[in-house]
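So the structure is just underneath, and the comments pick up after that.
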Amino acid sequence: MPTDIIMPQMGESIVEGTITKWLKKPGDKVQRDEPLFEISTDKVDAEIPAPASGILREIKVAEGTTVGVNTVVGTIAADGEAAAPPAKATPAAPEKKPEERKEEKKTTPVPPPSAAPTATSSHKEEEDEARSSPLVRKIAREHGVSLSQISGSGLGGRITKQDIMAFIEHQGSQPASAGTGREGMDAFVRPAERSEAPPSPGPAQPAAVRPATPAPAPYPGDLVPMTNMRKIIAQRMIESRRTSAHVHCMYEVDFTRIVTLRAKQKAGFEQRHGVRLTFMPFFVRAAIIALQQWPIINASLEGDNIRYHRGINVGIAVALDWGLIVPVLKNAGDLNFLGLQRGITDLGERARNKKLKPEDIEGSTFTVTNPGQFGAVFGLPIINQPNSAIMGVGGITKQPLVVTDQEGNDSIAIRSVVHLTLGYDHRLIDGAVADQFMALVKKTMETWSEEIG
12 MPTDIIMPQM GESIVEGTIT KWLKKPGDKV QRDEPLFEIS TDKVDAEIPA
62 PASGILREIK VAEGTTVGVN TVVGTIAADG EAAAPPAKAT PAAPEKKPEE
112 RKEEKKTTPV PPPSAAPTAT SSHKEEEDEA RSSPLVRKIA REHGVSLSQI
162 SGSGLGGRIT KQDIMAFIEH QGSQPASAGT GREGMDAFVR PAERSEAPPS
212 PGPAQPAAVR PATPAPAPYP GDLVPMTNMR KIIAQRMIES RRTSAHVHCM
262 YEVDFTRIVT LRAKQKAGFE QRHGVRLTFM PFFVRAAIIA LQQWPIINAS
312 LEGDNIRYHR GINVGIAVAL DWGLIVPVLK NAGDLNFLGL QRGITDLGER
362 ARNKKLKPED IEGSTFTVTN PGQFGAVFGL PIINQPNSAI MGVGGITKQP
412 LVVTDQEGND SIAIRSVVHL TLGYDHRLID GAVADQFMAL VKKTMETWSE
462 EIG
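Going by this note's numbering, the first residue of the sequence shown is number 12, and it counts up by one from there.
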């Protein structure tokens, strides 16, 4: 008998999930525990493994569909069973909506008369489709771009929206007055392909330089629905702004001591422990030391009561291609420096590979976010509810600073500097407490003396 594939319950409070991507097609072989499809819930995005080995016989729920937990979304046939699904049960391309299929019929050129080129082109299109989303393929059609020209930066070489937009931007574009036919597409085609193509729209072109007829509106004018993750982020940011009385304070930290220490230790650290030495555990450790002295920063409001948490659970914001997620390093106050680095690395890798579980993103008591990795000097982060504070880490830059020696003499020196921002809920935390907390974080980093392992 075929094995049912069900929508799993990703946490006690989860009642439904959205299938965002099938990683296999009907007829494909699958191995037990191999990633089979991707889902999005109001807690986490995750890859769901196959419940058995065999052949994917049927996809019952198409991409973009939200269903309740325990719903059968497909079936797997054992080797030897009839693998081909009934024609009426499985859509030929479940990931495509009717209007997308209609649009493809309009834009796909007439295949060349030779059977061999037709088979090759069809195979290339199937490969491109397997490593891209409907949105990416739509952008490619509109700009006359062959996906075979683009190297994907996503998981398994998948082409992301950022990949194709960067490719288009790199190729350059003609102004609107350049026309809406073949000449308007030339900017997105390699020079060799351009020289082989006729100067104006005529007979159908090979798939690699396929023009859209008529040319659709440019991508920036399109209306694209929000993903589940983006909807949840938007909802929670508004809720946090409405809930907490946000105040921010910013501190400039001389980070030279830690920059120098890391430069000397990073090669040996990785050889000894098998994990890269990053700056994040330094920030987290300094915050933990200050949280232990000022537990109100680690507390939460519950109605008219204050909940003082027993443990320090640090949320680490991770930027993803498809949004932002905050996995939680549990009981971080009990970890040594190496434990912090290993935990931070593990959470980041599992977040990017969609391997997090619901419990991995629950229970934070304090959050650290790092916009500085993208070059920001500092930020004013929104509190991650139900936390009462969040620390933002700015970029590390070299700046001239006044340095005072032990005898009180001042001089100007080039130092590594980082700006740290604390966003806190003024209903619970007074400005004086927030400033004393950040002063201790600053002192810990500027006079760092802990062993890093």
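Positions of the beta carbon are idealized from the N, C-alpha and C atoms, including for glycine. Predicted, not measured: the structure shown is a model, and the values here were computed from it.
{"Item": "Buried/exposed call for A443, threshold 16 Cβ in 10 Å", "Value": "exposed"}
{"Item": "For H320, the three-state DSSP class (helix, strand or coil)", "Value": "coil"}
{"Item": "Rounded C-alpha distance that separates L34 from W305", "Value": "48 Å"}
{"Item": "Reduced DSSP category for Q447 - H, G, I as helix; E, B as strand; rest coil", "Value": "helix"}
{"Item": "Length of the line joining the Cα atoms of F48 and K409", "Value": "46 Å"}
{"Item": "9 Å Cβ cutoff met for P382 and G359", "Value": "no"}
{"Item": "Meets three-Cβ-pair contact criterion under 8 Å: the stretch 323-332 and the stretch 262-273", "Value": "no"}
{"Item": "Uninterrupted beta strand (DSSP E) stretches inside the stretch 45-91 (no shorter than 3 residues)", "Value": "46-51, 56-60, 65-70, 77-79, 83-88"}
{"Item": "Unbroken stretches of the alpha helix (DSSP H), 4 residues or longer, contained in the stretch 404-462", "Value": "442-457"}
{"Item": "Assigned secondary structure, L351 (DSSP; H/G/I helix, E/B strand, else coil)", "Value": "helix"}
{"Item": "Simplified DSSP state of K32, which is helix, strand or coil", "Value": "strand"}
{"Item": "Backbone secondary structure at F266 - three-state DSSP", "Value": "coil"}
{"Item": "Coil, strand or helix - M240 by DSSP", "Value": "helix"}
{"Item": "K40 - partner residues in DSSP beta bridges", "Value": "I66"}
{"Item": "Neighbourhood of T356 by C-beta distance below 6 Å, restricted to the same chain and skipping five residues each side", "Value": "V286"}
{"Item": "C-alpha gap between G334 and V55, whole angstroms", "Value": "11 Å"}
{"Item": "Cβ separation of I425 and S399, assumed to be a contact under 8 Å, to the nearest whole Å", "Value": "In fact, because the Cβ distance is near 37 Å, the residues do not count as touching under 8 Å."}
{"Item": "Counted within 10 angstroms of its Cβ, other Cβ atoms place D446 as buried (16 or more) or exposed", "Value": "exposed"}
{"Item": "Given 8 Å, three or more beta-carbon pairs between the stretch 426-439 and the stretch 389-397", "Value": "yes"}
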